[in-house]
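Data first, discussion second: the structure below is written as structure tokens.
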Amino acid sequence: MRRDSIFYALFRQSPSLLFELLDSPPLNAEAYRFDSVAVKEPKFEIDGVFLPPDSEAAGIVYFCEVQFQKDELLYERLFSESSFYFYRNRTKFSDWRGVVIYPSRSTEQSDTLPFEDLLGGHRICRIYLSELGEIEQLPLGIALMVLTTIAENRAFESARGLLDRVQQSEFSTQKRRDIIEMVTTILVYKFTDLGRQEIEQMLGTSLQQTRVYQEAKEEGREEGREEGREYECRSLVLLQLNQKLGSLSEETIAQISTLTLDQLESLAIALLNFTTMRDLTAWLEQIC
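In the numbering used here, the protein residues as written are 3 to 290.
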């Protein structure tokens with residue numbers, strides 16, 4: 003299960019979600035944007051970077067790492083890459099922070115001696131999802147993170163609870179739609195032997211029957227119905243591509259997210275003949 007992709011999708015939807023995990027978030031947390039950055043020499047890419055708004059004075063840049071598998075050189079890589087990026091962009095930022103998200107303490111790097119000063123100070127925040135409390139009591143965004151770690155025998159019950167909370171919330175139609183889709187996607191990744199339709203049935207709901215779609219229908223908006231079809235088609239295409247070609251990069255997912263419904267339907271047909279990621283890249287280059 004590629005949980006990092008799920009987390010980065012959550013952060014793209016709501017960059018301020020990261021700061022809900024921190025004791026001392028920046029005052030302008032709502033203005034931050036989530037991005038991935040690349041450094042050419044030496045060449046590396048940092049997937050989770052939270053950038054302060056350009057319109058304000060130099061602010062704090064946050065580096066985030068989601069780590070669900072033990073990596074005994076994680077801190078060496080994280081600190082070297084983030085320090086080098088900060089050095090290259092020193093005039094843009096006043097300071098830097100690091101956030102590392104683990105499912106539990108057992109996943110953390112064993113030898114942390116060289117980094118005790120950093121890890122023991124205010125600059126690095128380590129989040130252990132297993133220690134955040136009961137999923138029912140957590141804010142929805144954080145609860146979605148914890149859902150990725152819930153044991154399979156509790157996953158559907160927890161997911162139904164989240165869906166109930168979404169339906170009763172005052173979130174916008176789009177916000178509720180995004181959360182419902184994320185809950186379903188998490189379970190699709192978690193239960194690889196089940197199809198999306200089976201998962202929706204086990205959840206006791208289908209996206210077309212949720213308050214999100216019912217509101218659009220009641221308002222009689224063709225735009226809402228069109229967006230619903232486009233949303234479902236994109237979700238299905240992404241699922242098929244992940245199953246056929248493996249995990250997609252954040253850049254590729256972003257490209258697919260810009261496609262129209264007609265283009266998504268064309269991609270759904272074309273991907274049947276894809277054998278490698280190069281086939282997908284070539285197809286997108288023709289379209290985008």
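Just so you know, even glycine gets a beta-carbon here, dropped at the ideal spot from N, CA and C. Because the structure is a prediction, the values reported are computed rather than measured.
- Query: Do the segment 17 to 25 and the segment 141 to 151 touch if we need at least three Cβ pairs shorter than 8 Å?
  - Reply: yes
- Message: Which complete beta strand (DSSP E) runs does the segment 112 to 155 hold, if anything under 3 residues is left out?
- Response: 126 to 130
- Message: Tell me which residues share the same chain as ALA11 and place their Cβ nearer than 8 Å to its Cβ, disregarding the 5 neighbours each side in the sequence.
- Response: MET184, THR187 and ILE255
- Between LEU53, LEU76 and ASP113, which lies nearest to ARG92 when the distance is taken from Cα to Cα? LEU53
- Query: What's the call for ASP119, buried or exposed, on a 16-neighbour Cβ count within 10 Å?
  - Reply: exposed
- Query: Taking one C-beta from the segment 93 to 108 and one from the segment 53 to 67 each time, how about it: are there three or more such pairs within less than 8 Å?
  - Reply: yes
- Message: Restricting to Cα atoms, I'd like to know which of GLU253, LEU205, GLU252 and LEU274 is closest to VAL1.
- Response: The structure shown does not extend to residue 1, since the chain spans only 3 to 290, so no value can be given for it.
- Query: Residue range of the beta strand (DSSP E) that PHE46 falls in?
  - Reply: 46 to 53
- Message: Applying the 10 Å Cβ sphere with the 16-neighbour rule, what's the burial state of SER160?
- Response: buried
- Task: If I'm right that LEU76 touches GLU67 with Cβ under 8 Å, what's the distance once you round it to whole angstroms?
- Result: 7 Å
- Message: Suppose you measure from the CA of PHE13 to the CA of VAL148; what does that come to, to the nearest Å?
- Response: 14 Å
- Task: Quickly, what does DSSP pair TYR64 with across the bridge? List them, please.
- Result: PHE52 and ARG99
- Message: Do GLY163 and ILE126 have their beta-carbon atoms positioned less than 8 Å apart in this structure?
- Response: no
- Query: In terms of residue numbering, what span does the alpha helix (DSSP H) encompassing SER259 cover?
  - Reply: 252 to 259
- Query: For LEU286 versus GLU232, is the C-beta spacing smaller than 8 Å?
  - Reply: no
- Item | Runs of alpha helix (DSSP H) lying entirely within the segment 262 to 286, each at least 4 residues, in chain order | 263 to 272
- Of all the options LEU241, GLU234, LEU131 and THR262, which has the alpha carbon lying nearest to the alpha carbon of GLN69? LEU131
- Query: Looking at the unbroken alpha helix (DSSP H) that takes in PHE81, where does it start and where does it end?
  - Reply: 76 to 90
- Message: On a Cα-Cα basis, can you pick out the residue from VAL102, LYS246 and SER251 that is closest to ALA272?
- Response: LYS246
- Quick one: Cα of ASP281 to Cα of PHE117, how far? 43 Å
- To the nearest angstrom, how far is it from the Cα of ILE182 to the Cα of GLN15? 13 Å
- Message: Between GLY123, THR150 and TYR104, which has its C-alpha nearest ILE8's C-alpha?
- Response: THR150
- Whose C-alpha, out of ARG79, PHE81, MET279 and LYS72, is nearest the C-alpha of SER108? LYS72
- Task: Would you list the residues sitting across from ARG35 in a DSSP beta bridge?
- Result: LEU53
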